[in-house]
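Protein chains in written order, with the working numbering: chain A, 725 to 878; chain B, 725 to 878. In what follows, a single structure is set out as structure tokens and then discussed.
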DNA sequence: CAGAGTCTTCAGAGATTTCTGAAGACTCTG
DNA sequence: CAGAGTCTTCAGAAATCTCTGAAGACTCTG
């Protein structure tokens, strides 16, 4: 049977595929797998065997995209962090920015290409697709929240 | 007003953000913006000022993920390629593999972590979210196809 | 089936990204 | 407000990724 550390490292690898850098991915995995409710930077340095600079950068990045948050730390000098509630939904919403960028790139392309050219037709398909996704993805995420709350609620 | 080449290069930059490598992104943009119905490798080498090796690699990659296809080239020594119909929908389906990978990583994590630990709870949220997306994204893409055909049809 | 033209592969150069580690900024405590 | 502890920044080292260019494989044509 697979050891917890192994599984965590494998999950980190998957996150890396998704575009995170190595250190950040491993920090993220640590947030998922840690037993305690919150983690400090120095714990991560020790557990993962990476430099404090890397941890600092990873925490900054993960905070920026809304995956983790600072926990009010009563009586401790060290900052505590934890995974945010609804982090994954937030992440998907962030990625919707990419979808929007694709939409806009296509839209500008259409304006630059001749009105009835093959290029304009191709770009129109691209624009329509990403326009559709840009409209529908937030609704999908919202539906997830609703269904989840429904099954957890009463 | 922005020149077509500029707009194409900017779109390439956006594709790069999305994870494509530079040469591949520029080749993809060329497929979108070209005036003809199909393009040859040597045309891309010339237009973009990159090596034949890079073009070969880019074409291979874009073919693999289903964004472009070989065009039966009547009476020409050179291979012709073009953007595939429905390329964007295909691309999104491909990316669904990533969603599946996240689901599976979370699932394995739950098995490895203690049943009632905080880690298991966090991983369950992750698994449920990506499970939901994995189920719903194909339906969304399908809906796009349907709506598109409806408005283009009769 | 020889030859010309085109495509693919791959080792190494080059560019880019990422990590480290130390210096210094910041923040509590006594 | 001095001092200890923690966090952030950043220049340079290290690792990684990408591109090139030439060699050779492949495929048509005459």
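Backbone N, C-alpha and C define an ideal beta-carbon position, used for all residues, glycine too. On a predicted model such as this, the values are computed, not experimentally measured, just so you know.
Neighbour-count burial assignment, residue i, 16 or more Cβ in a 10 Å radius
| i | result |
| --- | --- |
| residue 773 (chain A) | exposed |
| residue 870 (chain B) | exposed |
| residue 863 (chain A) | exposed |
| residue 833 (chain A) | buried |
| residue 859 (chain B) | exposed |
| residue 729 (chain B) | exposed |
| residue 736 (chain A) | buried |
| residue 766 (chain B) | exposed |
| residue 688 (chain B) | The structure shown does not extend to residue 688 (chain B), since chain B is modelled only from 725 through 878, so no value can be given for it. |
| residue 846 (chain B) | buried |
| residue 876 (chain B) | exposed |
| residue 874 (chain B) | exposed |
| residue 851 (chain B) | buried |
| residue 830 (chain B) | buried |
| residue 797 (chain B) | exposed |
| residue 813 (chain A) | buried |
| residue 800 (chain A) | exposed |
| residue 760 (chain A) | exposed |
| residue 867 (chain A) | exposed |
| residue 762 (chain A) | buried |
Residue(s) in a DSSP beta bridge with residue i
| i | result |
| --- | --- |
| residue 793 (chain A) | A:806 |
| residue 764 (chain A) | A:804 |
Bounding residues of the alpha helix (DSSP H) (the contiguous stretch that carries residue i)
| i | result |
| --- | --- |
| residue 783 (chain B) | 776–788 |
| residue 741 (chain B) | 728–741 |
| residue 744 (chain B) | It is not in any alpha helix (DSSP H) - residue 744 (chain B) carries neither H nor E in the DSSP assignment. |
Exercise. Quick one: complete beta strand (DSSP E) runs, 3+ long, within the segment 803–865 of chain B?
Worked result: Runs of the beta strand (DSSP E) inside the segment 803–865 of chain B: 804–807.
For this session: May I ask you to verify whether the segment 828–842 of chain A touches the segment 789–800 of chain A, counting CB pairs closer than 8 angstroms and requiring at least 3?
Result: The segment 828–842 of chain A, when compared against the segment 789–800 of chain A, does not touch it at the 8 angstroms Cβ threshold.
Problem set entry | Contact the segment 754–764 of chain A vs the segment 803–812 of chain A: 3+ CB pairs below 8 angstroms | In short, these stretches touch, since the Cβ pair count reaches three.
Exercise. Can we say the segment 773–784 of chain A touches the segment 815–822 of chain A, given the rule of at least three CB pairs closer than 8 angstroms?
Worked result: With a cut-off of 8 angstroms, the segment 815–822 of chain A and the segment 773–784 of chain A do not count as touching, because too few Cβ pairs lie within range.
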